[in-house]
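Since the structure comes first, as structure tokens, the remarks are kept for the end.
In this note's numbering, the protein residues as written are 12 to 122.
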């Protein structure tokens, strides 16, 4: 699961069920939040954090893809609850994804 390479941006992902990372590399610059249900009330799960999202510890990576700590990968869990998100959540970028699920270069431009 990859986030933005720039620390000025952050990817926000939501989960209902905990997942098995199965050796997956997580990061950088992600915020993960667990919900007990989505619409219409968006009810957050009672607990947050690595143990609420993952069944086992994932492999955290930095923007170079090097294994690191959760903190150095800038992976957080429900940063909005503590008011400590390092980048705002952008919900409308006015750009559609490509057919393969990637975004065109303009959507990823950090300038």
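Cβ coordinates follow ideal geometry from the N, Cα and C atoms, glycine included.
Computed from a predicted structure; not experimentally measured.
Cβ-based burial, residue i [other Cβ within 10 Å; buried from 16]
| i | result |
| --- | --- |
| residue 111 | exposed |
| residue 14 | buried |
| residue 115 | exposed |
| residue 87 | buried |
| residue 37 | buried |
Span separating the alpha-carbon of residue i from that of residue j
| i | j | result |
| --- | --- | --- |
| residue 63 | residue 49 | 16 Å |
Residues near residue i by beta carbon distance below 7 Å, same chain, minus five either side
| i | result |
| --- | --- |
| residue 18 | 40, 85 and 97 |
| residue 67 | 31 and 32 |
Spatial neighbours of residue i in its chain, beta-carbon cut-off 8 Å, leaving aside the 5 residues before and after
| i | result |
| --- | --- |
| residue 35 | 12, 69 and 70 |
| residue 59 | 44, 45, 88, 89 and 92 |
Requested in this report: Could you tell me whether the segment 40-54 touches the segment 78-91, using the rule of 3 or more Cβ pairs below 8 Å?
Outcome: The segment 40-54, when compared against the segment 78-91, does touch it at the 8 Å Cβ threshold.
**Report entry** Contained alpha helix (DSSP H) runs [length at least 4] in the segment 32-106, N- to C-terminal order
**Finding:** Taken in chain order, the complete alpha helix (DSSP H) segments of 4 or more residues contained in the segment 32-106 are 61-64 and 90-93.
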